[in-house]
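Note sheet for the following structure.
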Amino acid sequence: MSKLWAGRADGAINEAAEAFNASITFDKRLYREDIIGSVSHAAMLAKQGIISLEEEKLLISGLSAILADIESGDLVIDEKAEDIHTFVEETLVARIGAVGKKLHTARSRNDQVALDMKMYARNAADDLKKQVLSLAAALTDKAETYKATVMSGYTHLQRAQPITFGQHLMAYVFMLLRDADRLADARKRLNVSPIGAAALAGTTYDTDRAYEALLLSFDGVTENSLDSVSDRDYVVELLSAISLLMVHLSRLSEELVLWSSFEFKYVEISDDFTTGSSIMPQKKNPDMAELARGKTGRVFGDLMAMLTVLKGLPLAYNKDMQEDKECFFDAVDTAKACLGVFIPMIKSLKANEENMLAAAKGGYINATDLADYLAKKGLPFREAYKIVGEIVRDALHGKKTLEEIALEDYKKYSPLFKEDLYEAISVLNCVNKRTSYGGTAVSSVERQIALAREKMQTE
Ligand code: ARG
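As numbered in our numbering, residues 230 to 688 make up the sequence shown, in order.
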């Protein structure tokens, strides 16, 4: 196929080199951004008198028809073209004749591809943010359901102190709200138009970059032509925001895998989000969570690839930058797919409240509260801590929980122990006494839920 850039060279290219150079197989998904960008470019050229109004009409109706035909399936994107920009322009010229060749006045594929990527990236950020907020809403609803469900909280994966399942779930909600903020923040910074920078130095035509930017809903224009065509910061920023989002999904995945195991039995993942084994009839595997945990690695890879592509590049455009697309698209697709499964999976998740409570009662997780009981009666906390350590050691020997030890036995450790100690160490009381801001008390979880919902509504 004759190349758009045939001129100095004859445009003939080695077959392997041609395939190696082409990006159409993956950048064809930018067809919409490319065509809409070109429509605005034609409008700007006409407004400035660089092309005639008649030419503008022909270009815009030709481009609109191409867009409609691609969307209806009447026009199939030809993968023999070098890239999507080439395909659209060549199709336009084939359809409307020589006037189609005027479209590329005062621009280059370098600013064109930067424009297309920014338009694609801001939509991706918006879509992802919407999904992140849906998942946060689903988790908040679950937290509401289980706001008083007592479970063991863990440190080092050892039973630590009693919390509620609602409190645990709300921790993920606040992570996701930060993810949504990060996506929105990156979008805000990227939303300045690079078009009009042309190849690298700007153009001699009397263009109106601000007008073209306005037509495309940008907040403004980039300030430096070299930076306009060589900037891929926004790809890195979004990949980094997506990587952190995946970290959060992966941590939640790990907990779902643990909690749904026979050893924990804290949650029941709905059957339609699990798989069986081809040999072990009893199996119900949490594959969705495992896959999300696994796919986190490839998103990190996408981020690392992009950072590495950029680190040694001289200004301005270099072909290396074509490598921005596959890693960005892959990360966006991966995160969207994970969120798409997690939203309904979390909605249908059920907690096994009895097992959670039984575990909460079993691991001496009210030992801190027993020490606090002594400390509040005047004993320095370090001494109280030591006495309770001895009580736990003896209770372990005697295979008793702290609730099962008789008052007269408690008195052997300290005369400060009175009948009210049992109330102080009941796990429900342990939870509800933790009313410090952000603590696990039901009232505190309710406050968190209200705050999260308010934030989600204003997004
Ligand atoms: N397919 C190219 C890319 O994605 C488009 C820009 C081509 N520019 C050039 N100078 N060859 O980067």
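Note that the Cβ used here is the ideal one computed from N, Cα and C, for glycine as well.
In this text the structure is predicted, and so the values were computed from the model without any measurement.
What number of angstroms, rounded off, separates the C-alpha of residue i from the C-alpha of residue j?
i, j, result
"D307", "Y463", "29 Å"
"P609", "I594", "21 Å"
"V486", "G627", "33 Å"
"K309", "G326", "20 Å"
"A670", "S381", "14 Å"
"L712", "E675", "The chain is shown only over 230 to 688; residue 712 falls outside these bounds and no answer can be derived."
"N352", "G266", "14 Å"
"M346", "V328", "26 Å"
"S643", "A588", "28 Å"
"E492", "A521", "22 Å"
"I289", "M273", "11 Å"
"I575", "V476", "17 Å"
"P510", "T504", "11 Å"
"D638", "Y614", "17 Å"
"R416", "V561", "14 Å"
"S672", "N661", "8 Å"
"E213", "K590", "Shown here, the chain extends from 230 to 688; a query on residue 213 therefore has no answer."
"D356", "R258", "16 Å"
"R388", "G592", "6 Å"
"K232", "E319", "10 Å"
"D559", "G526", "12 Å"
"P515", "S489", "8 Å"
Taking C-beta to C-beta, are residue i and residue j nearer than 8 Å?
i, j, result
"R461", "L539", "yes"
"D435", "Q677", "no"
"T597", "Q390", "yes"
"K371", "L578", "yes"
"L631", "K606", "no"
"V322", "D263", "no"
"N339", "V458", "yes"
"L568", "L364", "yes"
"V528", "S472", "yes"
"A681", "T369", "yes"
"I280", "K331", "yes"
"A271", "L282", "no"
"A413", "K494", "no"
"D549", "A470", "no"
"D312", "I253", "yes"
"L443", "F557", "no"
"G431", "E441", "no"
"A545", "L429", "yes"
"A366", "M585", "no"
"D448", "V421", "yes"
"L445", "S337", "no"
"I620", "L603", "no"
"A439", "A335", "no"
"F255", "E555", "yes"
"L474", "A350", "no"
Where do the ends of the alpha helix (DSSP H) carrying residue i lie?
i, result
"S363", "338-374"
"T320", "313-325"
"R522", "516-540"
"H477", "462-488"
"D263", "260-276"
"H626", "610-627"
"P573", "553-576"
"L599", "596-605"
"L586", "582-591"
"Y440", "438-444"
"V305", "Careful: V305 lies outside any alpha helix (DSSP H) and carries neither H nor E."
"Q686", "671-687"
"D500", "Careful: D500 lies outside any alpha helix (DSSP H) and carries neither H nor E."
"P547", "According to the sequence as given, residue 547 is Asn; it is not Pro. Premise fails: N547 is in no alpha helix (DSSP H) and is neither H nor E."
"V458", "454-459"
"D448", "Careful: D448 lies outside any alpha helix (DSSP H) and carries neither H nor E."
"T254", "253-256"
"D638", "636-642"
Along the beta strand (DSSP E) that carries residue i, what are the first and last residues, could you check?
i, result
"I392", "387-393"
"G382", "379-384"
According to the neighbour-count rule (16 or more other Cβ atoms, all chains shown, within 10 Å of its Cβ), is residue i buried or exposed?
i, result
"D531", "buried"
"F571", "buried"
"T451", "buried"
"D303", "exposed"
"F695", "The question about residue 695 has no answer here: the residues shown for the chain are numbered 230 through 688."
"K524", "buried"
"T315", "buried"
"S506", "exposed"
"M348", "buried"
"Y666", "exposed"
"H385", "exposed"
When the cut-off is 8 Å and only beta carbons count, does residue i lie next to chain C?
i, result
"T374", "Within the model displayed, chain C is absent; a lone protein chain is all it includes."
Verify the contact flag: residue i, CB atom, against every heavy atom of the ligand MG, threshold strictly below 7 Å.
i, result
"D256", "The model on display carries the ligand ARG but not the ligand MG."
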